[in-house]
Each structure stands twice: as C-alpha cells, then as structure tokens.
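S.K.: This is the structure I have questions about; it appears just below.
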Amino acid sequence: MEWLAMERWSPYAVGIGIGILSWLAFLLSDKPIGCSTAFTRTSGMIEKIFRGSKVHDKPYYKQFSPTIDWEWMVVIGIILGAFLSSILSGQFSLKWIPAIWHAEAGSHIPTRWGVSLLGGIIMGFGARWAGGCTSGHGISGTLQLAVSSWLAAICFFVGGILTAMFIYKVLL
Amino acid sequence: MLKNLHLNKNGQLVLGLLFGICFGFLLQKGGVTTYDVIIRQLLLEDFTVVKIMLSAVLTGMIGVHLLRSVGLAQLHPKPGAVGTTVIGGLIFGVGFGILGYCPGTAAGAIGQGCLDALLGGVVGILIGAGLFAAIYHKIHQPVLSKGHFGEITLPELLQVNHWIVVAIVAVMIVVLLGLIEKSGL
C-alpha cells in the first residue's frame, strides 16, 4: 500500500483514474462529474439565511435550487479525498502562500488573500456564465464530445494563459 | 440502465460523496490541487494539467461511448451559445489565471490545507456565483442566448457516426501527448 503514501502519481495514471471514475458516474448516477453548480447552490443557501424563502423567486435559483444534491456531495468529497491523500503522503499543512507566489510576489498574506478573492469572484461568475467549469465542461463535457464544452475548454485556457502570462511576465 | 439506483435519492448522495472522495484523492496525487502546478501550466512551463485532462478525456470518452452503445449510459451534453460559452469561458479563464485554482481543484486545495483556496478562492467563487444569479435575468436574453446552438455534440454537428469522431479525437490526443513528452514538458 506504499503507493497510497506517494506524494505524486504519474499524470497518466491520475488521468486514466479520472476517466474510469467518469464511466462509473455515468453508469451508477447517470451524471457527468462537475463542480461549479454546487457553488451556485451554496451561494443560494447562504443568501437564504439572510433573505429567507424569497431566494427561491430568483429565476436562476429556480433553475438551480439552493439544496444539497449529488454534485454538492461530490465537492465535499473532493475536499475529503484531497485531505486523505495529503495526510497519507505527509503533505498536509496549513499555508497561505504558494511557492511561486512567494518567489515572485512575496509573503504578504493580505495581498495573496485579496488577489485570490478577486480571482475567485471572477472565476465563479465566469463558471456560471459559461455553464460549467474545468470539470463539467473541461473533462466531462469534452469526453461526451459536446460542442459547447470543447469551445468552453479552449476559452478557459486562452483566458487563463493570457492572464497568467500578464501577471507573471508583465506585472511581476 | 440502473434506473432504480438513479432514482434513489439518498443512495445518490452517498455515491456523489464517494465519487468526490476518489476525484479529490486523484487530483491531489496528480499535484493539480497545488497553485504552482496550475500556474506553471498556464505559463506553459509544466504540462501536468493538460496530461491529466487529456488522458481523462481519452479514457472517459471511449468508455462512456461504449457504455452508451450497450445501452448502459446516456449522454448529457451541456447546451451552448456563443454569448454563453465564449464570453463565459474567457471570464472564467481570467479568474482561473488570477486565482490559480479552478472550482474543483480549489476544493482539493482546501483539503491539503491551502488557506488562500479557502478564504480567497472558495469565498470568491461563492460571491461570483451569487453575483451571476443576481444578474442572470438581465443578461439572459440580450447576451447569453446570442448565437445559441444547443446541446449538440461534434458527431451531430459533423453528421457522422460518433465512433469516427471518437477515433479521430483519440488519435489527436495521443499525438498531442506524444509531442508534449517528446519536447520534455
């Protein structure tokens, strides 16, 4: 069982594993694996705490009701699975600043927090605009050969590459 | 098809959790729950993310189409429109480049203790998703539905048998992965 404690697996082993997981998701749950609608539902649940059942009147929440569903459980599972993997390999540690960020932008926590918050807001907004994320469109949609997903995945990477290049090659 | 299992609500919640645990475990072992690996992909210095995604798509595509051929699975392609997919995809990409995680890998990063993924990334994604829900009814007609093409797949678009497209995409993925390996990325 030493392989469970390894820090890294071959990307191909990981990719094939995710591919097999997608077979099982289609077979046993009749669903493609995705993540971003879970964030919409959670956002709706939080809004419900403040605004009550009026939340259900919003057209978007009529489509994605703020309740716990299969995909919501997938996202909770991802946190647990990554926790398990990092504990087994001894990589788990609480940290604020990634290594590359530290080397290029320094170790000031509020800066990293502000930038990651901004990135998260734009990405969450964009994920719902595009109707999916790197999992739902990028893997599950492309493997079904969906036109929308191939187009979305290309746009994710075009936007991501240009932005990362701008930040690391121009700004920093 | 396993209709009874699909309709078992609590059973599905348990299955979702199990799929998520496996998915998160794999993402963490692949290194893609780490900011550095994702950013180095976007800077085109390390192709781990692309290697994982393409081998997942290759494996998944062949298996899911086989399951479909024997009547054990049906496809659920997402609908698309130029106003939805292209604009949304580019906005997502900008956020992806700034944050350095995507929604799934941000969840995984929380699992391995990354506080920027939790208090920045996930809090931000929730705010962003909430903002989108707030403006959805305003942009739905004028923007999102522009250039609507629906839930179409590549074989339907090209009007050929899906196995021909599966074979072509499979060859393209293998060639691309071969080129990436050959160039040492």
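Protein sequences appear in the order of chains A and B. Okay, so the first sequence: first residue is 980 according to our numbering, each after it adds one. Okay, so the second sequence: first residue is 90 according to our numbering, each after it adds one. Just so you know, even glycine gets a beta-carbon here, dropped at the ideal spot from N, CA and C.
1) Jot down the residue ranges of each uninterrupted alpha helix (DSSP H) in the region 994-1053 of chain A, minimum 4 residues, whole runs only, in chain order.
2) To the nearest angstrom, how far is the alpha carbon of residue 1034/A from that of residue 1024/A?
3) Would you say residue 1064/A reaches chain B, if we count a Cβ-Cβ gap shorter than 8 Å as a contact?
4) Are residue 1077/A and residue 125/B touching if we call contact CB-CB under 8 Å?
5) Apply the 10 Å Cβ neighbour rule to residue 129/B and answer buried if 16 or more other Cβ atoms are within range, or exposed otherwise.
6) Residue 154/B: buried (16+ other C-beta within 10 angstroms of its C-beta) or exposed?
7) Taking a contact to mean a Cβ-Cβ separation below 8 Å, would you say residue 170/B touches residue 221/B in this structure?
8) Decide yes or no for the touch test of the region 140-147 of chain B against the region 1065-1079 of chain A: beta carbon pairs closer than 8 Å, at least 3 of them.
9) In the structure shown, what three-state DSSP assignment does residue 210/B receive?
10) By a C-beta neighbour count over all protein chains shown, 10 Å radius and 16 as the cutoff for buried, is residue 1121/A buried or exposed?
11) For residue 231/B, go through chain A and note every residue whose CB falls closer than 8 Å to its CB, in chain order.
12) Going by Cα to Cα distance, which pick from 116/B, 104/B, 134/B is closest to residue 1007/A?
13) Would you give the residue range spanned by the beta strand (DSSP E) that residue 154/B belongs to?
14) Using beta carbons (cut-off 8 Å, strictly below), is residue 251/B in contact with chain A?
M.R.: According to the structure shown:
1) Along the region 994-1053 of chain A, the alpha helix (DSSP H) occurs as fully enclosed runs of 4 or more residues at 1015-1030, 1038-1042, listed in sequence order.
2) Position 55 of the first sequence, counting from 1, holds the residue named residue 1034/A. Position 45 of the first sequence, counting from 1, holds the residue named residue 1024/A. About 9 Å.
3) For the purposes of this step, residue 1064/A is taken as residue 85 along the first sequence, with counting starting at 1. Using a CB distance cut-off of 8 Å, residue 1064/A counts as an interface residue toward chain B.
4) Reading the first sequence from its first residue, position 98 is the one you call residue 1077/A. Reading the second sequence from its first residue, position 36 is the one you call residue 125/B. Inclusion of residue 1077/A and residue 125/B in the CB contact set at 8 Å is warranted, their separation being smaller than that value.
5) The residue given as residue 129/B occupies position 40 in the second sequence. Looking at its Cβ environment, which holds 16 or more other Cβ atoms inside 10 Å, residue 129/B is buried.
6) Position 65 of the second sequence holds residue 154/B. Classification for residue 154/B: buried.
7) In the second sequence, counting from the first residue as 1, residue 170/B sits at position 81. In the second sequence, counting from the first residue as 1, residue 221/B sits at position 132. With respect to the 8 Å criterion, residue 170/B and residue 221/B are not classified as neighbours on the basis of their beta carbons.
8) The region 140-147 of chain B, when compared against the region 1065-1079 of chain A, does not touch it at the 8 Å Cβ threshold.
9) Against the second sequence, residue 210/B aligns to sequence position 121. Residue state, collapsed to three classes: helix.
10) Start at 1 with the first residue of the first sequence, and residue 1121/A comes out as number 142. Within a 10 Å sphere around the beta-carbon of residue 1121/A sit 16 or more other beta-carbons, which makes this residue buried.
11) In the second sequence, residue 231/B corresponds to position 142, counting from 1. Here the premise fails: no neighbours, minimum Cβ distance about 13 Å.
12) Residue 1007/A sits at position 28 when you count from the first residue of the first sequence. Answer by Cα proximity: 104/B.
13) The residue given as residue 154/B occupies position 65 in the second sequence. It is not in any beta strand (DSSP E) - residue 154/B instead sits in the alpha helix (DSSP H) that spans 137-158.
14) Mapped onto the second sequence, residue 251/B falls at position 162. Chain A has a Cβ within less than 8 Å of the Cβ of residue 251/B.
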